[in-house]
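**Student:**
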Amino acid sequence: MVRKSSAILVGLITAVLLVAACSSGSSGNSSGGGNDANVAAADTAVAKLLKTPTNVGVTVPIGKQIPAGKRIVFMSCGTPTCALLGKITQQAGALLRWNVQVVNAGVTPESVHAAWARVASNPPDGVIGIAYPRALFSEPLAMLKAHNVPVVECCAPDAATNGIDYVTSTPPEAVVYGRQYADWIIHDTKGNANVVFVDDKDFPIVASLLQGFKQEYRKLCPKCQYSVLEAATTEVGTTLPSKIVGYLRSHPDVDYVALGFDAMATGVPQALASAGLANKVKFIGQDTDVLNKTYISEGKQAASVAFPDYEGMYRLIDALARLITGTSVAPDNTALPSKLYVKSNLGDPSKNQPLVPDYLNQFKHLWGIG
Amino acid sequence: MPVNGTRAAASSLPRRAGGFARSASRTLSVANIGAVYVLVVAIIVFSIWEPGTFPRYETFASVLNDNAVTALLALSLVVPLAAGVFDLSIGFTLGASNLLLATLLGNGWGAWPAMAVVALVALGIGIVNAVVVVLFQIDSFIGTLATGSLLQGLILALSNNQTITAGVDKVGFLASTNLNTVTLPVFVALAVAVLLWYLMEHTATGRFLYATGLGREQARLAAIRVRGLQFGSLLVSALLAGIAGILVTAIVGAGSPTIGPPYLIPAFAAAFLGATQVRDGMFNAAGTIVAVLLLGTVNTGLALANVPLWTPYVFNGGVLIVALGLRGLQSRRLARHELDRRARARQAAVDPARHQSGPARPVLRARAR
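So the protein sequences, as listed, match chains A and B.
The first sequence begins at 3 in our numbering and counts up by one.
The second sequence begins at 56 in our numbering and counts up by one.
(1) Taking A:Lys245 as the query, report the chain B residues whose CB atoms sit under 7 Å from its CB, ordered along the chain.
(2) Do the region 107-120 of chain A and the region 157-170 of chain A meet, that is, are 3 or more Cβ pairs less than 8 Å apart?
(3) Buried or exposed for A:Ser29, going by 16 or more other Cβ atoms inside 10 Å?
(4) Could you spell out where the beta strand (DSSP E) holding A:Ile413 opens and where it closes?
(5) Taking the beta carbon of A:Asn281 as the centre, do at least 16 other beta carbons fall within 10 Å, making it buried, or is it exposed?
(6) Step through the CB atoms of chain B and report whether any lies within less than 9 Å of the CB of A:Glu175.
(7) Excluding five sequence neighbours on each side, which residues of the same chain lie with their C-beta closer than 8 Å to the C-beta of A:Asn37?
(8) Would you check if the region 339-353 of chain B and the region 199-212 of chain A touch, i.e. whether three or more CB-CB distances between them fall below 8 Å?
(9) Using the C-alpha atoms, what's the distance from A:Gln103 back to A:Pro135?
(10) Going by C-alpha distance, which of B:Leu357, B:Ala185, B:Val374, B:Tyr112 is nearest B:Ala325?
(11) May I have a chain-ordered list of the alpha helix (DSSP H) segments no shorter than 4 residues that lie completely inside the region 174-246 of chain B?
(12) Check A:Lys72 in the structure and name its three-state DSSP category.
(13) Give the single residue among A:Val331, A:Ala265, A:Arg251, A:Val307 whose Cα lies nearest to the Cα of B:Gly107.
(14) According to the Cβ coordinates, are A:Ala107 and A:Met145 closer than 9 Å?
(15) Would you kindly work out how many angstroms separate the C-alpha atoms of A:Gly27 and B:Glu105, rounded to a whole number?
(16) Count the other CB atoms, across all protein chains shown, that sit within 10 Å of the CB of A:Ile130; report buried if there are 16 or more and exposed otherwise.
(17) Using 10 angstroms around the beta-carbon of A:Val238, count the other beta-carbons present and answer buried if the total reaches 16, otherwise exposed.
(18) Determine, for B:Ala324, whether the minimum Cβ-Cβ distance to residues of chain A falls below 9 Å.
(19) Restricting to runs no shorter than 4 residues, where is the alpha helix (DSSP H) found entirely within the region 266-291 of chain B?
(20) A:Asp190 lies in the alpha helix (DSSP H); which residues open and close that run?
(21) Can B:Thr343 and B:Leu357 be called in contact, C-beta distance under 9 Å?
(22) So, under 8 Å CB-CB, B:Gly310 and B:Val223 are touching, yes? Tell me the CB distance rounded to an integer number of Å.
(23) Residues in the same chain with beta-carbon distance under 6 Å from A:Lys147, minus the five sequence neighbours each way, listed in chain order, please.
(24) Considering only residues of the region 238-300 of chain A, which uninterrupted beta strand (DSSP E) runs meet the minimum length of 3 residues and lie entirely inside it, listed in chain order?
(25) Based on Cα-Cα distance, which residue from A:Ser346, A:Gln364, A:Lys225, A:Leu261 lies nearest to A:Glu232?
(26) On the DSSP bridge list, what partners appear for A:Tyr168?
(27) Establish whether the CB of A:Thr240 and some CB of chain B are separated by less than 9 Å.
(28) For the beta strand (DSSP E) holding A:Asn101, just list the boundary residues, first then last.
(29) Would you identify the three-state DSSP class for B:Met337, choosing helix, strand or coil?
(30) With respect to the alpha helix (DSSP H) encompassing A:Lys66, which residues constitute its N-terminal and C-terminal limits?
(31) Using CA atoms only, rank isn't needed, just tell me which of B:Ser292, B:Ala171, B:Val345, B:Arg399 is closest to B:Ile180.
(32) Any C-beta of chain A sitting closer than 9 Å to the C-beta of B:Thr163?
(33) Any beta carbon of chain A sitting closer than 9 Å to that of B:Gly208?
(34) With distances taken from CA atoms, which of A:Ala305, A:Ala176, A:Gly128 is nearest A:Arg324?
(35) Taking 8 Å as the threshold, find out whether the region 142-151 of chain B comes into contact with the region 296-309 of chain B through three or more Cβ pairs.
(36) Sort B:Val134, B:Gly89, B:Val186 by Cα distance to B:Arg262 and report the nearest one.
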């Protein structure tokens with residue numbers, strides 16, 4: 003019986019391997035490099051991205067008294083990133099003497115729906131959502147709309163319609179981040195890159211990032227190679243580093259890794275070092291965390307497209323203030339400020355910092371306070 | 056020493072009978088080390104599939120380095136599982152150790168004092184588990200799950216749900232120290248495996264642990280200190296999980312609130328798969344190492360082959376199901392063997408002349424577990 007079970011085990015392995023062998027990963031274009039003009043264009047783009055931005059993206063003050071004492075709910079996804087965004091939102095709300103409550107909505111559809119339903123059953127004065135598509139909370143959203151509660155979102159694939167009054171860091175902005183990936187890689191490799199993009203379909207916004215990357219990459223380096231490696235969120239920090247290294251070892255021409263988001267970098271530098279690839283392969287990510295800043299400061303990560311945590315969350319509070327006071331929402335609503343972190347412009351690697359140094363003064367000016 | 060007590064059961068666990076040839080044949084049989092043969096098959100398959108990348112020293116080093124922490128965590132389960140106790144808090148203990156170490160280092164502590172404190176705290180977690188399970192007599196599955204939940208709360212409170220990187224480079228040497236690119240965590244896991252192998256195979260404590268796991272009440276009646284053994288086993292698992300947390304801090308270079316729980320399932324998978332190897336259905340260090348190597352080799356091979364996203368999950372799930380099926384079969388076979396042996400002993404005691412020779416006649420059948 004044991005012998006039979008071992009035979010079953012061998013058979014299982016063989017069957018799985020045979021089926022897996024019939025599938026293949028996606029691959030990109032043929033070999034080649036970029037011409038000097040395209041590399042120069044990438045250099046120019048990168049030079050702008052390395053600079054510290056000076057404008058939070060909104061310049062027209064609200065012009066009205068913003069009522070104090072409002073209760074705002076921040077729907078947190080519970081991850082460290084969301085926890086940070088929640089804290090920043092509370093700081094912004096405190097300036098207006100608003101009470102910002104952080105509700106942990108979790109990451110499963112059931113928990114998200116349940117959390118939004120609880121909030122809608124006791125409607126606050128405003129709601130901030132992060133990264134959740136509206137399909138997960140459509141009924142609670144309708145209830146909030148019926149109570150005239152303004153709802154604003156960040157980093158979600160939805161448009162500002164039908165219950166959602168304002169969205170920032172939308173898919174078109176993620177496309178811009180993807181272009182920044184391509185600009186940096188072409189600048190850094192002088193147009194001779196071979197890139198693997200690590201995708202994660204759990205986050206639709208990463209698809210926009212990939213779209214932007216491909217557009218710019220093909221434009222500036224039509225014959226440069228790229229490929230896509232699919233990953234699952236559950237692999238982040240556990241098996242993803244060895245998966246990436248395995249891909250790099252089986253594709254030795256790949257010399258750049260573009261991560262769908264920076265949290266994927268957890269454990270990657272050590273895995274690259276163990277495989278002897280640390281000096282051969284570089285990687286870039288987006289949505290910089292202190293871990294990535296530390297990696298960059300130690301030369302283990304090449305660059306990171308920063309997400310404007312402070313400016314983004316203050317922008318959402320600004321949008322709510324405009325909606326509550328009946329003012330036009332972000333009349334000159336331009337894209338959020340952007341920056342590319344490299345070793346030379348990192349600042350303090352142990353802290354998450356705003357991109358615009360005087361963002362606080364700018365928002366205070368917009369809100370007519372202090 | 057009683058004939059049919061559990062001490063006798065402990066000392067009469069299936070032995071390699073007969074001469075050297077029969078002993079070697081049994082040791083190398085598929086029933087005993089089938090996973091090793093499966094590992095060999097996997098190596099051959101991947102060497103043919105990816106000839107340019109798989110059959111190289113880098114792959115060997117990669118398998119060892121990538122699975123050292125999982126191996127250590129799986130080994131941490133061997134002692135409590137052998138004693139019949141689950142410890143579901145090990146992933147959270149790893150995470151709490153990781154966070155605590157990062158916090159201490161970030162507050163200016165030196166590497167060695169910080170690691171010593173973390174080890175002591177891990178032991179403290181083990182004491183809490185042991186009190187809950189052994190003294191309060193709460194089922195270990197539920198009790199350690201509950202302490203794990205408490206630890207998750209502690210992790211979030213300690214970290215404020217943020218990643219900690221300041222000062223963590225002080226323990227970086229634990230991950231960068233290597234011998235021919237095989238890093239220090241691998242040697243730590245190996246050392247622990249050797250220690251556990253010696254404890255479980257060559258000491259009375261090891262035999263008593265197995266006896267406790269095979270039959271708690273019988274062991275107690277045989278004057279084995281069951282509660283003490285189970286208490287100690289939970290200390291061992293917590294301490295080893297704490298050491299795993301220290302190593303993972305060095306590897307990742309940060310304290311992260313999400314780092315611990317994902318290690319739980321692979322560790323249990325390896326421990327249960329390992330129980331089907333070497334030690335005839337009982338949790339053991341050597342079998343666990345073989346299991347980690349098998350799972351790690353196949354996952355590394357699949358990564359090199361750039362297989363679809365679903366493949367590693369299907370493989371790991373399938374292996375676990377087959378392994379648990381094997382474990383159940385072997386456990387029932389072991390129980391039947393023991394009951395038959397006791398029946399023969401009783402019959403021999405009643406009528407020695409009649410039962411002196413001849414084939415064994417099983418009188419009692421074990422209940423299916």
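The beta-carbon is built from N, C-alpha and C at its ideal position, and this holds for glycine as well.
**Tutor:** In this structure, then:
(1) Ala358
(2) no
(3) Note that A:Ser29 has pLDDT 45, beneath the 50 cutoff, so the model's placement of it is unreliable and the number below is only indicative. With fewer than 16 Cβ atoms within 10 Å of its Cβ, A:Ser29 is classed as exposed.
(4) Residue 413 of chain A lies beyond the stretch modelled for chain A, which goes from 3 to 372, so this question has no answer here.
(5) exposed
(6) no
(7) Gly193
(8) no
(9) 21 Å
(10) B:Val374
(11) 195-214, 228-231
(12) coil
(13) A:Arg251
(14) no
(15) Interpretation of A:Gly27 is limited by its pLDDT of 44, a score under 50 that renders its predicted location unreliable; the figure taken from the coordinates is listed afterwards. Approximately 14 Å, taken between the alpha carbons.
(16) buried
(17) buried
(18) no
(19) 271-276
(20) 173-191
(21) no
(22) 7 Å
(23) Gly165
(24) 258-261, 284-288
(25) A:Leu261
(26) A:Val154
(27) yes
(28) 101-106
(29) coil
(30) Neither: A:Lys66 is in no alpha helix (DSSP H) and is coded neither H nor E.
(31) B:Ser292
(32) Residue identity check: residue 163 of chain B is Gly in the sequence provided, not Thr. Not an interface residue.
(33) no
(34) A:Gly128
(35) yes
(36) B:Val134
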